[in-house]
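Position in the sequence shown counted from 1, then plus 1, gives you the working numbering. A quick write-up on the structure given underneath.
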Amino acid sequence: MARVFKQYIPFSFVALALLESAGLFFSVYAGVAIWQTAFTGFVAESLTPLYWKAIVYLLLVNLSLIAMGLYQRRFRYGMAGIVLRICSAFILAAVAISLVFYLIPALFLDRGPLIVALLIAFVLVSAVRIGFLKTVDQSILKRRILVLGAGERASQISKNLRRATDQREFTIVGYVHVRGEHDVVDENLIVRPDVPLLTLATQLQVDEIVVAVGERRRRSFPVHELLDCKLSGIDVIDLLQFFEREVGKIKLDILNPSWLIFSDGFNQSEVQAWIKRVFDVVMALSLFLVAWPAMILVALAILIEGKGKGPIFYKQVRVGQHWKLFSVIKFRSMRVDAEKDGAQWAQKKDSRVTVVGEFIRKVRLDELPQIFNVLKGDMSFVGPRPERPEFVTDLTEKIPYFAERHRVKPGITGWAQISYPYGASEKDSLEKLQYDLFYIKNYTLFLDLVIILQTAHEVTWAKGGR
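The structure is reproduced here in structure tokens:
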């Protein structure tokens with residue numbers, strides 16, 4: 002994988018993005034040339050001034066593809082789902098391009114050439130996507146991985162990456178037995194080498210070795226053999242780093258404090274905090290300018306359903322950065338007496354949710370008033386979900402490292418929210434914490450932008466809300 006702005010991106014996705022970008026760029030020139038030739042018989046103007054128009058065009062289309070979830074690493078849609086999302090992405094792109102071109106006349110592209118360009122781009126992107134799906138799973142494109150260890154730790158790879166789509170970028174060629182460790186992996190997959198590790202890796206054409214041994218202080222642990230492999234050009238990584246890269250989370254059940262201390266990331270500089278604050282304010286104001294009509298409609302719907310009774314907004318105490326308490330603001334989506342029996346998790350088909358509330362929670366419109374929390378500084382636009390003090394106290398006692406998620410500001414959306422379904426239990430909180438720790442460790446402005454675009458996809462397809 003390539004690592005861009007601290008984020009692991011599969012080389013196949015990099016190649017896909019480059020191919021699609023080239024096609025999008027070409028489609029602008031082709032669209033103008035075809036349109037002019039069709040109506041004048043020749044290309045009436047030089048195509049040179051189209052350069053910046055084509056750049057803006059391909060950026061907007063690519064952002065629309067990302068927003069529709071077409072660059073997710075764990076993409077599990079069938080062919081029909083892909084075509085539907087490509088169609089939706091191009092509709093979104095057409096609106097965005099028209100808006101930008103009309104706001105900035107210098108970038109204006111005539112309606113006719115633009116339509117032709119979009120049609121050409123749609124065909125090219127669809128063709129590239131079909132080719133991508135038919136080639137990405139071929140073994141020649143996959144990294145060949147050898148797992149050192151065949152015990153409980155090593156077995157977590159197959160337990161956590163069961164589906165073929167989870168192993169799109171690699172193939173495991175075997176698990177190496179380590180003396181003194183109890184093997185639990187399928188016997189047919191275990192390699193008991195009678196040659197040095199480097200020789201075995203060379204024979205199996207291994208690209209990477211994942212160290213999944215529970216106890217490394219045993220004399221049987223092959224330190225020197227791993228060093229030989231490393232210095233011979235074979236990548237050697239820890240199991241935690243492997244999961245961080247492949248799944249986008251930090252596995253708590255194999256985590257130890259020393260790894261947190263000595264691993265890269267977890268940067269919390271003042272400059273970084275200032276940049277994030279500026280980004281938060283810009284994004285919150287931009288969202289408010291776009292969403293205020295929807296906010297008014299939601300407020301009216303709540304008033305009408307409640308026949309003028311009950312509040313429109315719902316305030317609730319949450320835990321913020323450095324465990325500071327604040328009041329989060331949301332549109333009320335439950336009955337007024339929803340918590341007469343005390344705090345409780347939201348459940349599927351929760352009887353406390355109103356008719357309007359069910360809809361706005363599904364598309365996350367109930368979260369929009371949190372814009373004011375962001376502007377006030379209590380929240381960030383992107384970050385861990387803010388939890389209630391009652392739940393935080395309980396979860397901190399039961400879940401290791403749960404308190405560490407409060408090192409940063411909570412967010413309207415976040416890595417855990419787009420990576421895991423709505424959490425409503427202790428088990429869900431543990432799962433989401435693993436994604437929150439990944440976000441805190443690997444935070445960059447680029448990651449925030451990725452999360453925002455993926456959130457747009459989740460909202461568009463009404464996923465994740467409850």
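Glycine included, C-beta positions come from ideal geometry on N, C-alpha and C.
Short Cβ contact (8 angstroms threshold) for residue i with residue j
i      : j      : result
Arg319 : Pro387 : yes
Leu253 : Tyr402 : yes
Phe243 : Leu446 : no
Gly24  : Val126 : yes
Lys331 : Glu368 : yes
Lys135 : Glu170 : no
Glu306 : Val375 : no
Gly175 : Ile121 : no
His458 : Ala68  : yes
Val117 : Val57  : no
Lys442 : Ile276 : no
Arg408 : Gln269 : yes
Ile105 : Ala151 : no
Contact belief for residue i with residue j at Cβ below 8 angstroms, rounded distance in angstroms
i      : j      : result
Asp187 : Glu209 : Not confirmed; about 20 angstroms, so no contact.
Tyr444 : Lys433 : Tyr444 to Lys433, Cβ: 16 angstroms. No contact.
Phe314 : Arg333 : 6 angstroms
Arg406 : Asp437 : 5 angstroms
Leu149 : Ala107 : 58 angstroms between Cβ atoms; not a contact.
Leu162 : Glu247 : 7 angstroms
Leu199 : Asp229 : 5 angstroms
Arg112 : Leu205 : Incorrect: roughly 57 angstroms between the Cβ atoms, too far for contact.
Simplified DSSP state of residue i, which is helix, strand or coil
i      : result
Met69  : coil
Ser264 : coil
Gln206 : coil
Leu149 : strand
Ser328 : strand
Ala45  : Residue placement at Ala45 is poorly supported in this model, since its pLDDT is 49, which falls under 50; the coordinates are not used for a value here.
Phe133 : helix
Ser430 : helix
Ser381 : strand
Asp187 : coil
Arg86  : helix
Gly32  : helix
Gly234 : coil
Phe314 : strand
Asp195 : coil
Val1   : Coverage of the chain is limited to positions 2 through 467, which leaves residue 1 absent and any answer about it impossible.
Thr172 : strand
Ile413 : strand
Asp239 : strand
Arg319 : strand
Val354 : strand
Proximal residues to residue i (C-beta, below 8 angstroms), its chain only, five neighbours per side dropped
i      : result
Asn97  : Inspection of the sequence shows that residue 97 is occupied by Ala rather than by Asn. Contacts found: Leu61, Leu64, Ser65.
Ile453 : Met284, Phe382, Val383, Thr414
Leu71  : Ile83, Arg86, Ile87, Ala90, Arg130
Pro197 : Glu226, Asp229
Lys160 : none
Ala295 : Leu366, Leu369
Option nearest residue i by Cα separation, candidates the options
i      : options                        : result
Phe27  : Trp36, Leu59, Leu256           : Leu59
His183 : His458, Trp36, Ala155          : Ala155
Leu256 : Asp195, Gln435, Leu198, Val460 : Gln435
Glu391 : Gln317, Trp53, Leu301, Val196  : Gln317
Gly412 : Phe360, His225, Arg278, Ile303 : Arg278
Lys54  : Tyr30, Gln73, Ala34, Val224    : Tyr30
Gly249 : Tyr103, Gln73, Leu301, Val207  : Gln73
Asp395 : Arg408, Asp111, Ala128, Leu431 : Leu431
Leu298 : His225, Leu93, Phe360, Val354  : Phe360
Ser328 : Val282, Lys377, Ile105         : Lys377
Ile92  : Arg112, Arg362, Phe123, Phe267 : Phe123
Arg219 : Gly181, Pro258, Leu232         : Gly181
Ser287 : Phe373, Ile400, Phe263, Gly309 : Phe373
Lys363 : Leu290, Phe109, Ala39, Val460  : Val460
Glu216 : Arg353, Ala292, Glu153         : Glu153
Thr203 : Lys231, Val224, Asn189, Ile191 : Lys231
Leu157 : Val211, Phe133, Asp265, Ser264 : A small fix is needed here, since residue 157 is Gln in this sequence, not Leu. It is Val211.
Leu471 : Ala151, Leu301, Phe133, Leu51  : Outside the shown range of the chain (2 to 467) lies residue 471, about which nothing can therefore be said.
Cutoff 7 angstroms; reference residue i; Cβ partners in own chain excluding five residues on either side
i      : result
Arg193 : His178
Ala45  : Residue placement at Ala45 is flagged as unreliable, the pLDDT there being 49, under the threshold of 50; a coordinate-derived value is accordingly withheld.
Ser22  : Leu59, Asn63
Cβ-based neighbour list, residue i, same chain, cut-off 6 angstroms, excluding 5 preceding and 5 following
i      : result
Lys410 : Gln322, Met380, Ser381, Gly384
Gln455 : Ile419
Tyr440 : Trp416
Val393 : Val320
Ala300 : Ile313
Any C-beta of chain D under 8 angstroms from that of residue i
i      : result
Val185 : Annotation note: the requested chain D is absent from the structure, which comprises a single protein chain.
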